[in-house]
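Going down the list, the protein sequences come from chains Z and A. Using the working numbering, the first residue of the first sequence is number 200, and each one after it goes up by one. Using the working numbering, the first residue of the second sequence is number 200, and each one after it goes up by one. Where a beta carbon is used, it is the ideal one built from N, C-alpha and C, also for glycine. Every value quoted in this text rests on a predicted model; they were computed, and no experiment measured them.
2 protein chains.
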Amino acid sequence: MSRNAELERLTRVQQVLRRKRLDALLVSQPDNRRYLSGYTAPDHGIQESAGFLLIPAEGMPHLLTDSRFTLQAEAESPLFQVDTYAKGMLQLLEKLCKKSGVRTLAFESDYFLHSSFLRLAAMAEKRGLTLQAESGLIEKMRAIKDEHELRLLRQSTQLNEKVFQSVYNTIEPGMTEREIALALELTMREMGAEGPSFDTIVAFGTNAARPHAVPTDRELQAGDLVLIDMGLVYQGYCSDMTRTFVAGKPDQTYIDRHRAVRKAMLAGIGAVRAGVTGAEVDRIARQTLIDAGYEAFGHGLGHGVGVAVHEEPRLSPRGTKQLQAGMVVTVEPGLYLADWGGIRLENMVIVGEDGCEVLNQDTTGLDL
Amino acid sequence: MSRNAELERLTRVQQVLRRKRLDALLVSQPDNRRYLSGYTAPDHGIQESAGFLLIPAEGMPHLLTDSRFTLQAEAESPLFQVDTYAKGMLQLLEKLCKKSGVRTLAFESDYFLHSSFLRLAAMAEKRGLTLQAESGLIEKMRAIKDEHELRLLRQSTQLNEKVFQSVYNTIEPGMTEREIALALELTMREMGAEGPSFDTIVAFGTNAARPHAVPTDRELQAGDLVLIDMGLVYQGYCSDMTRTFVAGKPDQTYIDRHRAVRKAMLAGIGAVRAGVTGAEVDRIARQTLIDAGYEAFGHGLGHGVGVAVHEEPRLSPRGTKQLQAGMVVTVEPGLYLADWGGIRLENMVIVGEDGCEVLNQDTTGLDL
């Protein structure tokens, strides 16, 4: 991460803390931690944290971790004072709060276990600290990307498309869903990705009728439709794309349905701009499908993408907030028929003041 | 999972609930959920749950999930009534508690977000429900394995060793840590594993001095030491093994250090039996290394393995509980020298009344 971007993020957090009259924020959510510090160690579940940030409203931020990660944290997070705990994070936190005169401490309620909260509350009681449960404070910042992030999201998308094309060209009858998914994930790593940004979906025929299909040992038959929903992590930033096509020559039913979904995607993309709500964009794409005589998809139209593959904002009937320039969202309408199959098409776009920029260049199935 | 094992587990949970005068337990922890129900859908982080169990002290247990997973839950968990929520889990939970006359509801404090707790508490307040934060209730049951589980853990270990050997035989100078890690994870899947049980560690030379090394693009040189820490999931059960060896002919320094670690592992394994504490086993292995003139490792000696790769009990200075027959633990001392490298050796054992059974048969490096 660029040092400037990191400094700017920290400055913004500290401004928010001062405005809210909080002395410090304890960051436990791993994507937020990486976003603010550049520290890349992943948690192994919420119960095995690789570290915490303690960001005071003024002064030097701290990165708290255990000895397994001290060297890595120091190397990756030069703006942070790295403190190592041997006997649990809480004891060190107590010491640091005392030393820095923290009286009001905010924590991330959406990524803090109830049992950890009980221990934190006992410590706070003993020390006369006031706790403040915060929700979405850093997530709200993350939703709007800076230039550095947009560059990485473009690169992540380009790499994702390169991986897709390289495997797409090898697909032939007899291959299984699992084989193709594995080939995609393998190629991602070979081409320099950190890994997939979510479990790759490869679904043939009726299996594609499940929005969250899991690849099986089903073999591809000529004429089957193929849905591939894939993404990767490149230098910490995620991509996410869905393409659907037919192994062989599509029949008229497929072509009609595919075009209806494409029209819905394009309508959604056409509606994205700063100032509209996620719900409005969702409604416009959804209505396009309904007008064409199809049932609407059961999931939301899209979601933000950044250091996490699912983040703010949401494009869904419940997305009441206005989009802002610099947000990056997916637009992914789908059509699902249990006895037939499913078609989903998904691009990523950057929200602009007067429209949006589509990150994807891959046209597979889009010119049908 | 065998139906009998599942029934027995449910019966035991219900006995515990009645003894504690709890009307029901809400299970949110995904390993506990799978252990009790056989339902295999994974969570995508704690914020994207694939479902919850509601186990009453008497009568039919419920599995609460959303429409994406209803069919899978019904197929995998025939002993459970599957209920689907459309508007969030909490609303359905409220309805079920009312219907079943639940007055005192326990929840898993160690796997329940603080923000979710705030919402649960508001519902409980409204409905006159009493909440009880529970910790480790199912984890304690899971620590002791039944025959069915021991069989799967043996098979998981055997498969892990088969994968290790198949890749071990291909290792040669010029290969990178990442390439070997990828080959291992690929081979796991090809040979029938669900996937790795944790991110595979492959570390050459000085990179092995980090207990949680991440594979890099470093190329293997003749004479480098190679540390591989790997595990897989087979039919829901994890394995975990570490081997360290030299690419080529080891020098005397390596041999001496390797033997010291092996001696520590064997001392640890020799100390495992029902009735001793995890701390005692840890101390014995640790002391062996110290007596040989080395610094003790900064991590614990071992951990339980089952449906999770890290579970109860812990073999560490803080492991004050006595081991019991039927527990399965790793024994994994290590020696880490920043300027030189690291050696760690790890086997899995079943705790018995008078000793233990080693699950591993692979002898790579152990006969040095």
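Please confirm whether residue i has its beta-carbon closer than 8 Å to some beta-carbon of chain A.
i, result
"Z/H502", "no"
"Z/F311", "yes"
"Z/S248", "no"
"Z/F316", "yes"
"Z/R267", "yes"
"Z/I245", "yes"
"Z/H261", "no"
"Z/H347", "no"
"Z/S308", "yes"
"Z/G373", "no"
"Z/G467", "no"
"Z/P255", "no"
"Z/P410", "yes"
Here's a check: name, in chain order, each residue in its chain whose Cβ is nearer than 6 Å to the Cβ of residue i, leaving out the five neighbours to either side.
i, result
"Z/S227", "F251, E307, Y310, F311"
"Z/Y436", "L351, L352, S355"
"Z/F213", "Phe is not the amino acid found at residue 213 of chain Z; the sequence shown has Gln there. Once the five neighbours on either side are set aside, the close Cβ partners of Z/Q213 are A256."
"A/I400", "A412, D428"
"Z/S299", "P255"
Check the Cβ-Cβ distances between residue i and every residue of chain Z, and say whether any is below 8 Å.
i, result
"A/A332", "yes"
"A/S568", "A query on residue 568 of chain A cannot be resolved here, the shown segment of chain A reaching from 200 to 567 and no further."
"A/L419", "no"
"A/L381", "yes"
"A/G287", "no"
"A/P414", "no"
"A/F403", "no"
In angstroms, rounded to a whole number, what distance separates the CA positions of residue i and residue j?
i, j, result
"Z/D282", "A/L216", "42 Å"
"A/M464", "Z/A380", "39 Å"
"A/P395", "A/A382", "12 Å"
"Z/E376", "A/L536", "45 Å"
"Z/P512", "Z/M429", "20 Å"
"A/K361", "A/L431", "11 Å"
"Z/G551", "Z/H502", "16 Å"
"Z/G533", "A/G404", "50 Å"
"Z/A491", "Z/D538", "19 Å"
"A/L419", "A/K448", "14 Å"
"Z/N359", "Z/I370", "17 Å"
For residue i, which residues from the same chain have a beta carbon less than 7 Å from its beta carbon, with the 5 sequence-adjacent residues on both sides left out?
i, result
"Z/A320", "L330"
"Z/H347", "S201, A204"
"Z/Q434", "L351"
"A/F268", "A240, A249, G250"
"A/D439", "S396, G430, V504, V508, T529, E545, M547"
"Z/M288", "F251, L263"
"A/K520", "T476, G477, P512"
"Z/A167", "The structure shown does not extend to residue 167 of chain Z, since chain Z is modelled only from 200 through 567, so no value can be given for it."
"Z/G499", "D481, R513, L514, S515"
Comparing the CB of residue i with every heavy atom of the ligand FAD, is any distance shorter than 7 Å?
i, result
"A/A537", "No copy of the ligand FAD occurs in the structure displayed, which carries no ligand at all."
Among residues of its own chain, excluding the 5 on either side of residue i, which ones have a beta-carbon nearer than 8 Å to its beta-carbon?
i, result
"Z/V366", "I379, A382, L383, T386"
"A/T415", "T375, E376, R377, N406"
"A/L522", "V471, R472, A473, G474, V475, T476, G477, V480, P512, V528, V550"
"Z/G497", "P410, Y535"
"Z/T443", "A407, L424, V425, L426, I427, H457, V460, G541, I542, R543, L544, G564"
"A/R482", "P516"
"Z/R233", "T239, G435, V506"
"A/L209", "L235, I254, P260, L278"
With a threshold of 8 Å between beta carbons, is residue i in contact with chain B?
i, result
"A/F251", "The chain inventory of the structure shown lacks chain B, comprising the protein chains Z and A."
Checklist entry - Can you give, in chain order, each stretch of the beta strand (DSSP E) that sits fully within the region 211-258 of chain Z and has at least 3 residues? => result As far as the region 211-258 of chain Z is concerned, its whole beta strand (DSSP E) runs of at least 3 residues are 223-226, 251-255.
Item to check | Inside the region 332-399 of chain A only - alpha helix (DSSP H) runs reaching at least 4 residues | outcome: Fully enclosed alpha helix (DSSP H) runs of 4 or longer: 336-342, 346-367, 376-389.
Next on the checklist: Threshold first: 4 residues or longer. Then list the alpha helix (DSSP H) segments lying entirely within the region 427-478 of chain A, N to C.
Outcome noted: Entirely contained in the region 427-478 of chain A, the alpha helix (DSSP H) runs reaching 4 residues are, in chain order, 451-470.
Checklist entry - According to a CB-to-CB cut-off of less than 8 Å, which residues of the region 383-394 of chain A neighbour chain Z? => result In summary, the residues of the region 383-394 of chain A whose CB is separated from some CB of chain Z by less than 8 Å are L385, R388, in the order they occur in the chain.
Item to check | Contacting positions in the region 503-519 of chain A - beta carbon closer than 8 Å to chain Z | outcome: For the region 503-519 of chain A, residues whose beta-carbon sits nearer than 8 Å to a beta-carbon of chain Z comprise H509.
Checklist entry - Just by C-beta distance, which residues in the region 521-549 of chain Z are closer than 7 Å to chain A? => result Cβ proximity to chain A below 7 Å picks out nothing from the region 521-549 of chain Z.
Item to check | Length-filtered (3 minimum) beta strand (DSSP E) runs lying within the region 277-320 of chain A | outcome: As for any beta strand (DSSP E) of minimum length 3 sitting wholly inside the region 277-320 of chain A, the runs are 280-283, 303-307, ordered along the chain.
Checklist entry - Could you give the uninterrupted runs of the alpha helix (DSSP H) lying entirely in the region 477-544 of chain Z, keeping only those of 4 residues or more? => result If only complete runs of 4 or more residues are kept, the region 477-544 of chain Z shows the alpha helix (DSSP H) at 477-490, in order along the chain.
Item to check | Short-range partners of chain A found in the region 446-459 of chain Z, where Cβ spacing is below 7 Å | outcome: When C-beta distances to chain A are compared with 7 Å, every residue of the region 446-459 of chain Z stays at or above that value.
Checklist entry - Just by C-beta distance, which residues in the region 484-499 of chain Z are closer than 9 Å to chain A? => result Those residues of the region 484-499 of chain Z that come within reach of chain A (Cβ to Cβ, closer than 9 Å) are G497, H498.
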